[in-house]
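Quick note on the working numbering: the sequence shown kicks off at 247 and runs consecutively.
All C-beta atoms in this analysis are idealised placements derived from N, C-alpha and C, irrespective of residue type, glycine included.
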Amino acid sequence: MAKVVVTHSVADVAAWLGHAAERAEAIGNLGGTDVVDHVAHDGSNTVAVSTQVDDVDALVAALSSPPPEIASLMQSHGVQPPLTIYVEG
Numbered sequence: 247m248a249k250v251v252v253t254h255s256v257a258d259v260a261a262w263l264g265h266a267a268e269r270a271e272a273i274g275n276l277g278g279t280d281v282v283d284h285v286a287h288d289g290s291n292t293v294a295v296s297t298q299v300d301d302v303d304a305l306v307a308a309l310s311s312p313p314p315e316i317a318s319l320m321q322s323h324g325v326q327p328p329l330t331i332y333v334e335g
C-alpha cells in the first residue's frame, strides 16, 4: 500500500472542509483508505488530501481524467485545477 498526497486550490477552504465525509467516501470508492484532509498553514486556499491506496495508477487515472461523477463532486467541493499528485517513494 502506498501513500498518495494530492494538492490543489479550492474556492473556499471552510466549504471544502464541510465536504470531508463525502470526499472520504468517494476516495474510498477509488480504493483509498485513511483519507486525511490538510489545509495550508499560511491561510491560503491550498489544500491537500492524503490516502493509502493499493492501486496508485487507478487513483491517478481517476483524478487525472475524472469520470463525470467524480468531476461533479470535485466541482461541488470547489476544487480548482491543477491537481498535483505525490506518491510515497
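If you draw a straight line from the C-alpha of residue i to the C-alpha of residue j, how long is it?
i: Asp303; j: Met247; result: 12 Å
i: Tyr332; j: Glu315; result: 23 Å
i: Ala286; j: Thr292; result: 6 Å
i: Asp324; j: Ser255; result: Checking the displayed sequence, the identity of residue 324 turns out to be Gly instead of Asp. Cα to Cα, Gly324 sits roughly 8 Å from Ser255.
i: Ser310; j: Ala267; result: 22 Å
i: Asp283; j: Asn275; result: 17 Å
i: Thr297; j: Thr279; result: 6 Å
i: Asp300; j: Pro327; result: 24 Å
Return the first residue and the last residue of the beta strand (DSSP E) that residue i is part of.
i: Gly278; result: 278-285
i: Ala261; result: Segment 259-263 is the alpha helix (DSSP H) holding Ala261; no beta strand (DSSP E) there.
Output the boundary residues of the alpha helix (DSSP H) element that contains residue i.
i: Pro314; result: 314-322
i: Ala308; result: 302-310
i: Ala272; result: 266-275
For residue i, which residues of its own chain have a beta-carbon under 7 Å away from its beta-carbon, when the five flanking residues on both sides are left out?
i: Val259; result: Val285, Asn291, Val293
i: Ala272; result: Ile316, Leu319
Between which residues of its own chain and residue i is the CB-CB distance below 6 Å, once the five residues before and five after are set aside?
i: His265; result: His323
Output needed for residue i: all residues of its chain with C-beta closer than 8 Å, excluding positions within five of it in sequence on either side, in chain order.
i: Leu329; result: Val252, Thr253, His254, Leu309, Ser310
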